[in-house]
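Reading through the structure tokens given below for one structure.
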Amino acid sequence: FYQYIKTISSDIDNCSAIAKLIYERNLIDVFPNVYIALRLYLTIPLTNCEAERSFSKLALIKNRLRSTQVEKRLNALTIMSIENDICKKLSFDDVLDTFATSKSRKMNFT
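According to full-length UniProt numbering, the residues represented by the sequence shown are 1 to 110, in order.
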């Protein structure tokens, strides 16, 4: 496999480049197990900091809001707290407009 990849392209020096080459050249059917192994390797996190942060946030939110929130809202708040960098980039005007149009309960009686 390695010799075949080297004959196709000599500037391959890491796993992501090999996976990209296999995908771009449609070699997934030729090397399915190699492609699966590369995808798994590239998606495994190097550390468990994110999981620890998630559980830390969950414990903090549950202690604070346990008695007042239902499970669905608690899950939503947990996700928002964990992914706060994404939430900071959201435009609240767009969110409010989307909410207002989807939750419109007024009926026109004409």
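Glycine included, C-beta positions come from ideal geometry on N, C-alpha and C.
**Study point:** Phe1: first and last residue of the uninterrupted alpha helix (DSSP H) it sits in
**Key:** Taken as a continuous stretch (DSSP letters only), Phe1 belongs to no alpha helix (DSSP H), as it is neither H nor E.
Point to revise | Residue range of the unbroken alpha helix (DSSP H) whose run includes Leu42 | key: 32-43
Practice item. Return the Cβ separation of Phe31 and Ile22 in integer angstroms, given the expectation that the two are a contact with Cβ distance under 8 Å. Key: 6 Å
Practice item. Using 10 angstroms around the beta-carbon of Ile18, count the other beta-carbons present and answer buried if the total reaches 16, otherwise exposed. Key: buried
Point to revise | Minimum C-alpha distance to Lys20 - residue among Thr7, Lys6, Leu38 | key: Leu38
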